[in-house]
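Residue numbers for the sequence shown, in the working numbering: 506 to 1011. For each residue, glycine too, the CB sits at the ideal point set by N, CA and C. In this text, all values refer to a predicted model and were calculated from it rather than measured experimentally. Structure record follows, encoded as C-alpha cells.
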Amino acid sequence: MTITASQLYNYIVCPHRVWRDIYGPVAEKINEPNPFVQMLWDKGVQHEKKVVEGMKVLDLSAGSKEDRFKQTVEAMKQGVDWIYQGVLIEGDLLGIPDLLKKMPDNHYIPVDVKSGMGLEGVDEENEEKGRPKKHYAAQLCLYVEALQNLDFAKDNKAKVIDIQGGEVDYNLDEAMGKRTPMTWWEYYQQIKYEVQKLLENREQNKPAMAGACKLCPWYNSCKQWAQAEHDLTNIFYLGRTKRDKINDDLGIERVEDLLKIDLEEIKERKAKNKQFLSGVGEKTLAKIMIRADILVNNKGPVVYDKIIFPEVTYELFFDIEDDPTQDFVYLHGVYERNNDTGGERFLDFTAKECTPKGEEEAWAGFWAYIHSLPPKDFAVYYYSPHEKTVYKKMQKLYPKVVTKEEVDDFYDSPNVIDLYQIVLKSTDWPLSSYGIKAIAVYLGFSWRDESPSGALSIQWYNDYLNTQDEKILKRILEYNEDDCKATMVVKDGIEKITKENENKGS
Ligand code: SF4
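Structure, rendered in C-alpha cells:
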C-alpha cells in the first residue's frame, strides 16, 4: 500500500491516526476542516508562494500525479536546477517535496518550505544550535529514499527553507540527539515499517486522548471510544506510552481495574525484572491509582497541601494571547480584583497592528500598568509556564521597555504565581484534563463564546488584521477576559477547598 509523507507526519503526531484514517468509522469523522488548522495551512501556502516567487523554478504543481511524476523524472534527466512540486513515485513510496534542487554533482536533494523555524531547541543564550524537527526529517527521508531508488540522489541529505527564508541543512545520517544515538534515517525506517503495518491492517492500535486530539477530525469519535471503553488515557497525564505498558504488563485496560492493583506485589516484580512496567515508576502508579479512584468513585477535588495565597489589595488574573506561527504576542489581558473596594475590571493591552511597534507598545502598556500598582500590594496569577517563557523572549526583543532583571524579579516574586504548578503538585480533580477550561467549567464557570479556544483566538486575530472588524476584536477580548476570570475561579476554588479542609481538621 502506498505510503506518503503526510502519513508519516500523522503517525508522529498520533500513531493511531494512520489506522483510523483508513479503517475508522467514517461517519464519526468531522468533515469541515478545523479553522485553526485551515489558517495554518493557508499561511503555509502563502509562505511557500512567497519563497518560490523569487526563484527560477520549473512549476509542476498542476496535473495528475502520474503525469507530474513523468515530468519530474524528465526534468531531472535534463538537469533542471529547481523543480517545484515535483512528484516522486517509487515502489510503495509517494512523495511531493516542495522543491527539488540540483546539486553540483548533478544529483538532487529535496527541499521543503516550512512556515516555522527550521530547527527546534535553538537557545542562543546557551549556544544550543538546535536539532532537526522529527516530522520534517521523517518526511524528507521519504523523499530522499524515493530519489535514491530512482537514481537521482546518493546522499542522505536534504534541506528546509524556514520562515526566515534561510536554508537549513538536514543531514539525515546524524544521530537524533545527544542521548539518542539512532540516526534520523534509522528512525525513518522504523516508523515507515510501523506505518506500513497499520496501513495494511496487519496491526491495529488504539486512540489515546492527548493534547493533539483537539485539532484532529477524529476528536469526537476517539473521545467517545475512550469514554465508552473506560480507557486509561481518561486519567490525567497518563499518555499512550504508559497506557500501553500497563495494558501489556498488567493486562489492565479499564480505569476501574487500576484500583485492584497491589503496589507491594508490583514493587517485587519490578525488582526482579527491570523490563516489567519500565517507564512507569511506583510513584507514578500510586498517583494514577489515586486519580482513578477519584474518577471511578465520583469523588470531589482534593487539595493535598495547605495553600496560602498572598493577602493583598490587588489581585491580577493574567493571560496572554500570542500567535506562535509568527512569534507575535497580540494581547496581554488582566482581570483585576480590588479586595478593598470589591471592584473588578478587565484591562487589555492589545497590539492593533502586527508589527514590532504594535507588539512593543502593547507590552509597554502592560508594564506601565504594573508600575502604577502599589509595590508589594498586588499578586499576579497566571496558568502555565508559557507567559514566563514568552516574557523572557520579549525582553530580549524590547529591552527598552523593561530590563532583564525586572522581568526575572517579577517572575521570581512569591506574589507572581503560576496556578497550574499548584494544580499539578498539590491537587487532584475528577477530570481527564487539568487545563484551565476543564477545571473552571467543573467549578461552574462558563465562557461567553460558544467555541472558546486559544487556537481559534489566533485565527480571529488574523481575521481582525485582515478586516479591522471591531466585532472580531470584541470577540478576542471577551475570550481573553473569560480566560482571566477562569483563572480567578480556579484560584478561589483551591482557596475554598483549602479552607474546607482546615475546618474539617479543626
Ligand atoms: S483524536 Fe486523538 S487519538 Fe484520535 S486519531 Fe486524532 S489524535 Fe489520534
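Note on residue 837: 16 or more other CB atoms within 10 angstroms of its CB, so buried under the neighbour-count rule. For residue 587, DSSP records a beta bridge to 606. Distances from the CA of residue 688 to each of 637, 973, 701, 1007 were compared; the closest alpha carbon is that of 637. DSSP places residue 642 in the helix class (H, G or I) of the three-state scheme.
Where residue 800 is concerned, there is no enclosing beta strand (DSSP E), although the alpha helix (DSSP H) around it starts and stops at 787 to 801.
Within the same chain, and ignoring the five residues on either side of residue 912 in sequence, the residues whose Cβ sits closer than 7 Å to its Cβ are 896, 897, 900. Of all alpha-carbon atoms in 1008, 859, 799, the one lying nearest the alpha-carbon of residue 934 is that of 799. When rounded, the separation of the alpha-carbon atoms in residue 758 and residue 873 is 54 Å. For residue 943, the enclosing alpha helix (DSSP H) stretches over residues 941 to 947. The C-beta of residue 971 has fewer than 16 other C-beta atoms within 10 Å across all chains shown, which makes the residue exposed. Counting of Cβ neighbours within 10 angstroms places residue 998 among the buried residues, the total reaching 16 or more.
By a beta-carbon distance limit of 8 Å, residue 655 does not contact residue 615. Their separation comes to about 12 Å.
If you check the C-beta of residue 952 against the ligand SF4, you find no heavy atom less than 7 Å away. By the C-beta criterion, the segment 942 to 953 is judged not to be in contact with the segment 962 to 969, since fewer than 3 inter-stretch pairs fall below 8 Å.
With 16 or more neighbouring CB atoms inside 10 Å of its own CB, residue 581 falls in the buried class. DSSP places residue 837 inside the beta strand (DSSP E), whose first and last residues are 833 to 843. Taking the CA atoms as reference points, residue 579 sits about 20 Å from residue 647. At the C-beta level, residue 864 and residue 822 stay beyond 8 Å of one another.
Judged by beta-carbon spacing, residue 586 lies within the 8 Å limit of residue 607, meaning their Cβ atoms are closer than that value. The Cβ atoms of residue 867 and residue 851 do not sit closer than 8 Å to each other. Boundaries of the alpha helix (DSSP H) harbouring residue 913: 909 to 917, taken from the DSSP string. Following the DSSP letters along the chain, one finds residue 616 inside the beta strand (DSSP E) bounded by residues 613 to 618. If you look at residue 884, you'll find it in the beta strand (DSSP E) that goes 883 to 887. In terms of side-chain proximity, the C-beta atom of residue 733 is found no nearer than 7 Å to any non-hydrogen atom of the ligand SF4. Residue 894 carries a helical assignment under DSSP once its states are collapsed to helix, strand and coil. In the three-state reduction of the DSSP assignment, residue 696 falls in the helix class.
DSSP lists 624 as the beta-bridge partner residues of residue 637. The Cβ atoms of residue 677 and residue 649 sit closer than 8 Å to each other. Minimum Cα-Cα distance from residue 756 among the listed residues 736, 903, 515, 742 corresponds to 736. The beta carbon of residue 521 is closer than 7 Å to those of 710, 711, 712, 713 in its chain, skipping five residues each way along the sequence. Beta-bridge annotation (DSSP): residue 563 is paired with 588. Of the residues assessed, residue 506 falls on the exposed side of the cut-off, its CB having fewer than 16 other CB atoms within 10 angstroms. One Cα belongs to residue 731, the other to residue 568, and the distance between them is close to 42 Å. Burial state of residue 887 is buried, judged by a 10 Å Cβ sphere holding 16 or more other Cβ atoms. Here residue 955 carries a coil assignment [DSSP, helix/strand/coil].
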